[in-house]
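This report refers to the structure that appears directly beneath it.
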Amino acid sequence: MFLSKWLWACGFIMASTLALAGPKKILIVETLPVPIVTKQTQHIFEELHRLDMDLDIAVFNGDGQSEKITSHILEQIECGCFDLLITNGTLASKIGKKLLTGKGIPMVFVTVADPHGAGLVPTSQSSPINFITGSIYSVGRGTKLEIVNQLLKARQTNIGVIATSYPAALTDIDKLESIATNYQLINFTKRVIKYRDRNEVELDETYHQALEAAASIAPQVDFFWSVNGPFSERSDFVHQMSMLKPVLYGANLNSVKQGALFTVIPDIQSTAEQTAGIIREIFSGVSPAMIKVQAAPRKILAFNIRTATQLGIVIPYDLLSIAGRNVFH
């Protein structure tokens, strides 16, 4: 009872702060300039403008650099330039949480696959987080592996995973390996490169090391797999990996268009609608702590028919029906 009253009071204080005259100012901070992030921002921007509210929205892309993201958010806090922060991606969300703690400014995260691991969602052992809520960017790994099992007709398969130590990537790998124990014929071989993100030079060095790691394990694997994180989101990921071995699972629709066999991801329009609804609630006086963190209700399944044909894989009709228009050649 006391906790509920406390959360309500926090929401009331936030709402009172936001109820000043003039438009509500929203700052959207993107982690990286990659399609999964920028398209999500675009859809959120459009949904926010459909709200019957006076909004002033600014967008900033951090280019994957922690120092750049930190500096911009601090500048915006100092000038009082926003009433609510939307963080798009895990890195921006972790930085946003750190900088907004104790500031009385609400934050909504999107495109975060593991908010628990990123410390955005409180655990039973942690202190309450009253100013953050958001949308989980996640589809059950079991769903993905079950599709693999259907496509490959339960044959022995060795899958290579190349990733950085980006939090979302590590969580994805751990869960994939855990679920793969239920599939005796699916094996993962992984190489993880330390993620360094302070500046552009460090990012380029990280990606170069990841490509070298991919080449080193290519003889041991049949396919490569895209896990969550910035490396798999690069526009050249599928091209670079496909020169070594086919990409079985892509991180996004562009990956499938470029040649990855399939993907299953949260629907970005559904996430945008969910996010706009969350923001409406917050600006109506609801505490973020009272808004449940959950994945968007709709998902997207996509296939590349040309890749399937080249690999001699027949995609079951029921899966193609679910994919609908997201079947590429």
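What the sequence shown shows, in mature numbering (1 follows the signal peptide of the UniProt record, and there is no 0), is residues -21 to -1, 1 to 308, in sequence order. All C-beta atoms in this analysis are idealised placements derived from N, C-alpha and C, irrespective of residue type, glycine included.
Practice task
May I have the straight-line CA-CA distance separating S300 from G83, to the nearest angstrom?
Solution key: As a first step, residue 300 is located in the sequence shown; it is residue number 321 there, counting from the start. As a first step, residue 83 is located in the sequence shown; it is residue number 104 there, counting from the start. Distance between the alpha carbons of S300 and G83 is about 47 Å.
Handout entry: Residue environment, S205, which counts as buried when at least 16 other CB atoms sit within 10 Å
Key = As a working note, residue 205 is residue 226 in the sequence shown. Buried is the label assigned to S205, since at least 16 other Cβ atoms lie within 10 Å of its Cβ.
Problem - Distance between A142 and L64 (C-alpha atoms, nearest Å) - result: By one-based count along the sequence shown, residue 64 stands at place 85. By one-based count along the sequence shown, residue 142 stands at place 163. Cα to Cα, the separation comes out at about 28 Å.
Handout entry: Own chain residues within Cβ distance below 6 Å of Q188, not counting five before or after
Key = The count along the sequence shown starts at 1 and reaches residue 188 at position 209. Counting only Cβ-Cβ distances below 6 Å, and skipping sequence neighbours, we find I172.
Problem - Presumed contact (8 Å Cβ cut-off) between D201 and I294, rounded CB distance - result: On the sequence shown, position 222 is the one that residue 201 refers to. On the sequence shown, position 315 is the one that residue 294 refers to. Actually they are not in contact, since the Cβ atoms of D201 and I294 sit about 18 Å apart, beyond 8 Å.
Practice task
Please report how far the alpha carbon of R175 lies from the alpha carbon of D183, in whole angstroms.
Solution key: Translated into positions along the sequence shown, residue 175 becomes position 196. Translated into positions along the sequence shown, residue 183 becomes position 204. The straight-line gap from Cα to Cα measures roughly 9 Å.
Exercise for the section: Compare the C-alpha of M86 against each of N305, S266, E179 and name the closest. Expected result: The residue you call residue 86 lines up with position 107 of the sequence shown. Minimum Cα distance to M86 is reached at S266.
Problem - N-terminal and C-terminal residue of the alpha helix (DSSP H) that M220 is part of - result: Mapped onto the sequence shown, residue 220 falls at position 241. The continuous alpha helix (DSSP H) containing M220 extends over residues 216 to 221.
Problem - C-alpha distance - L131 paired with V226, whole-angstrom precision - result: Your numbering for residue 131 matches position 152 in the sequence shown. Your numbering for residue 226 matches position 247 in the sequence shown. Between the C-alpha atoms of L131 and V226 there is a straight-line separation of about 14 Å.
Problem - Close Cβ partners of Q237 (< 6 Å) along its chain, the five nearest in sequence each way excluded - result: Position 258 of the sequence shown holds residue 237. The residues are V217.
Exercise for the section: Report the three-state DSSP secondary structure of R120 (helix, strand or coil). Expected result: Locating residue 120 in the sequence shown gives position 141, where the first residue counts as 1. Helix.
Practice task
Return the first residue and the last residue of the beta strand (DSSP E) that P245 is part of.
Solution key: For the purposes of this step, residue 245 is taken as the residue at position 266 of the sequence shown. If you look at P245, you'll find it in the beta strand (DSSP E) that goes 241 to 245.
Exercise for the section: Could you have a look at P295 and say whether DSSP puts it in helix, strand or coil? Expected result: The residue labelled residue 295 in the question sits at position 316 within the sequence shown. It is coil, neither helix nor strand.
Exercise for the section: Locate the beta strand (DSSP E) running through V87, then write down its first and last residues. Expected result: As a working mapping, residue 87 is identified with position 108 in the sequence shown. V87: member of the beta strand (DSSP E) spanning 86 to 91, first to last residue.
Exercise for the section: Measuring alpha carbon to alpha carbon, tell me which of I244, R170, S221, A302 ends up nearest I196. Expected result: Taking the sequence shown and counting its residues from 1, the one referred to as residue 196 is at position 217. For I196, the closest alpha carbon among the candidates I244, R170, S221, A302 is that of R170.
Practice task
Note down the Cα distance separating F39 from L164, rounded to an integer number of angstroms.
Solution key: Along the sequence shown, one-based indexing puts residue 39 at 60. Along the sequence shown, one-based indexing puts residue 164 at 185. Each residue's alpha carbon lies about 44 Å from the other.
Exercise for the section: Determine, using beta carbons only, whether F203 and M220 come nearer to each other than 8 Å. Expected result: For this step, residue 203 is matched to residue 224 along the sequence shown. For this step, residue 220 is matched to residue 241 along the sequence shown. F203 is a Cβ neighbour of M220, given a cutoff of 8 Å.
Practice task
Could you name the residues of the same chain whose beta carbon sits closer than 8 Å to that of N305, not counting the 5 residues immediately before and after it, in chain order?
Solution key: Residue numbering aside, residue 305 sits at position 326 when the sequence shown is read from its first letter. In its chain, beyond the 5 residues on either side, L232, V235, I279, L280, A281, F282 have a beta carbon closer than 8 Å to the beta carbon of N305.
Exercise for the section: Measure the CB-CB distance between V16 and T66 and report whether it falls below 8 Å. Expected result: Stepping through the sequence shown from its first residue, residue 16 is reached at position 37. Stepping through the sequence shown from its first residue, residue 66 is reached at position 87. With a cutoff of 8 Å on beta-carbon distance, V16 and T66 are scored as not near each other.
Practice task
Name, in chain order, the residues that DSSP records as bridge partners for I111.
Solution key: For the purposes of this step, residue 111 is taken as residue 132 along the sequence shown, with counting starting at 1. Beta-bridge partners of I111 (DSSP): M86.
Handout entry: Helix, strand or coil at Y186 according to DSSP, with G and I counted as helix
Key = To locate residue 186, count along the sequence shown from 1; it is residue 207. In the structure shown, Y186 sits in a helix (DSSP, three-state: H, G or I).
Problem - Reference I74, options G41, L27, I261, closest by Cα - result: The residue labelled residue 74 in the question sits at position 95 within the sequence shown. Comparing Cα-Cα distances from I74 to each of G41, L27, I261, the minimum goes to G41.
Handout entry: Distance between P101 and D215 (C-alpha atoms, nearest Å)
Key = By one-based count along the sequence shown, residue 215 stands at place 236. By one-based count along the sequence shown, residue 101 stands at place 122. Answer to the nearest angstrom: the Cα atoms are 36 Å apart.
Exercise for the section: Quick one: give me the first and last residue of the beta strand (DSSP E) that R170 is part of. Expected result: As a first step, residue 170 must be located in the sequence shown, where it is residue number 191. Counting along the chain, the beta strand (DSSP E) containing R170 begins and ends at 165 to 172.
Practice task
Assuming T10 contacts S114 (C-beta within less than 8 Å), just tell me the rounded distance between them.
Solution key: Taking the sequence shown and counting its residues from 1, the one referred to as residue 10 is at position 31. Taking the sequence shown and counting its residues from 1, the one referred to as residue 114 is at position 135. Incorrect: roughly 15 Å between the Cβ atoms, too far for contact.
Problem - Minimum C-alpha distance to I152 - residue among N109, G208, G68 - result: Within the sequence shown, residue 152 is the residue found at index 173, counting from 1. Proximity to I152 across N109, G208, G68 peaks at G208, based on C-alpha coordinates.
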